[in-house]
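My numbering numbers the first residue of the sequence shown as 212 and each following residue consecutively.
Every residue, glycine too, gets a C-beta built ideally from N, C-alpha and C.
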Amino acid sequence: MIDSFRHKGLRKKLVEELKSKGITNNNVLEAIGTIPRHLFFESSFLEFAYQDNAFPIGAGQTISQPYTVAVQSSLLDIQKGDKVLEIGTGSGYQAAVLYHMGAKVFSIERQRELYIKTKTLMTDLGYRIKMFYGDGYLGLPSYAPFNKIIITCGAPSIPEKLLEQLKPGGIMVIPLGETVQTMTTIHKTAELEYIRKEHGEFRFVPMLGNKADNDKK
Ligand code: SAH
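See the structure below:
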């Protein structure tokens with residue numbers, strides 16, 4: 212796994228591009244400037260790794276666009292030591308960015324193939340991220356509550372179980388909608404008290420329900 216000067220140069224350019232698109236959180240920019248995004252790609256697609264685009268990662272899924280990762284990571288307002296739950300591990304890139312920012316990351320993926328591939332990659336890279344194979348709609352009740360929850364697939368509505376697993380004072384960042392998603396933050400100000408805000412339109416792969424049920428369809 213090589214991280215060359217060329218890769219570092221391309222990462223610098225990507226960070227400048229994200230700044231020009233309005234990303235200002237220095238911890239986010241520093242993480243994106245450090246994480247070798249090309250290692251989350253198949254080797255034959257390396258030239259695409261530092262373009263500000265989403266890209267296929269197999270199993271019909273995509274690695275999120277760097278701009279989207281930057282927006283979601285900024286909205287989470289990560290503080291060192293925050294316990295963060297991610298729904299949709301995918302390539303693991305978003306989880307790696309949060310880990311680099313000092314979060315304790317727990318991430319769930321419903322595609323077994325991706326879960327296995329990404330778990331190996333995280334071990335190889337030395338990123339201590341707790342990964343789970345399962346249905347993100349259920350969250351991780353035994354590890355709850357979380358300071359922050361990030362959903363990286365398009366959710367038709369706010370999953371009730373995830374709201375319950377958010378700590379009072381915590382933030383959920385969730386792209387809401389079927390074909391186009393509105394980036395939404397939910398601040399849990401107290402038990403059962405929420406402030407909801409919208410942050411523009413994005414496009415995500417869908418958040419799917421129970422795998423066994425979907426496979427039958
Ligand atoms: N954060 C990822 C984005 C991957 S795309 C990255 O940085 O690469 C979204 C992922 O959400 C896909 O891998 C998809 O399989 C997964 N997903 C969809 N519905 C899910 C669910 N109910 N539970 C867990 N993961 C889910």
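| field | the segment 277-285 contacting the segment 234-241, beta-carbon criterion three pairs below 8 Å | value | yes
| field | Ordered list of alpha helix (DSSP H) runs contained in the segment 216-259, each at least 4 residues | value | 216-231 and 237-245
| request: Measure the alpha-carbon distance for Ser-327 versus Leu-296 and round it to whole angstroms. | output: Working through the sequence shown from its first residue, we reach residue 327 at position 116. Working through the sequence shown from its first residue, we reach residue 296 at position 85. Going by the sequence as given, residue 327 is Ile instead of Ser. Approximately 18 Å between the Cα atoms of the pair.
| Whole runs of the beta strand (DSSP E) within the segment 330-361, excluding any shorter than 3 residues | 341-344
| query | To the nearest angstrom, how far is it from the Cα of Pro-417 to the Cα of Thr-334? | reply | For the purposes of this step, residue 417 is identified with residue 206 of the sequence shown, where counting begins at 1. For the purposes of this step, residue 334 is identified with residue 123 of the sequence shown, where counting begins at 1. For Pro-417 and Thr-334, the distance between alpha carbons rounds to 27 Å.
| query | For Pro-273, which residues does DSSP report across the bridge? | reply | Counted from its first residue, the sequence shown places residue 273 at position 62. One point to set straight first is that residue 273 is Thr, not Pro, in the sequence displayed. Answer by DSSP bridge pairing, in chain order: Pro-267.
| message | Let me check understanding here. Comparing Cα to Cα, which of Leu-336, Ala-401 and Lys-378 lies closest to His-311? | response | In the sequence shown, the residue the question calls residue 311 occupies position 100. It is Leu-336.
| field | Cβ-heavy atom distance, Asp-263 to ligand 1, below 6 Å | value | Translated into positions along the sequence shown, residue 263 becomes position 52. Outside the cutoff, so no.
| query | Would you say Val-280 and Val-316 are within 7 Å of each other, going by their C-beta atoms? | reply | Stepping through the sequence shown from its first residue, residue 280 is reached at position 69. Stepping through the sequence shown from its first residue, residue 316 is reached at position 105. It is not a contact, given that the beta carbons lie outside the stated cut-off.
| request: Take every Cβ of the segment 379-395, pair it with every Cβ of the segment 355-366, and state whether three or more of those distances are shorter than 8 Å. | output: yes
| task | Using only the heavy atoms of ligand 1, determine whether one of them is closer than 6 Å to the beta carbon of Val-416. | result | If you number the sequence shown from 1, residue 416 lands on position 205. Val-416: yes, Cβ under 6 Å from ligand 1.
| Endpoints, the alpha helix (DSSP H) within which Ala-366 is located | Residue 366 sits at position 155 when you count from the first residue of the sequence shown. Where Ala-366 is concerned, there is no enclosing alpha helix (DSSP H), given that its DSSP letter is neither H nor E.
| query | Comparing the CB of Gln-392 with every heavy atom of ligand 1, is any distance shorter than 6 Å? | reply | Numbered from 1 along the sequence shown, position 181 holds the residue referred to as residue 392. Gln-392 Cβ: outside cutoff for every heavy atom of ligand 1.
| query | Since Ala-306 is in the alpha helix (DSSP H), which residue starts that stretch and which ends it? | reply | Along the sequence shown, one-based indexing puts residue 306 at 95. Here the alpha helix (DSSP H) through Ala-306 covers 304-311.
| field | Cut-off 7 Å between Cβ atoms - residues of its own chain near Pro-352, not counting five sequence neighbours on either side | value | For this step, residue 352 is matched to residue 141 along the sequence shown. For Pro-352, where only same-chain residues beyond five positions count, the Cβ hits under 7 Å are Gln-376.
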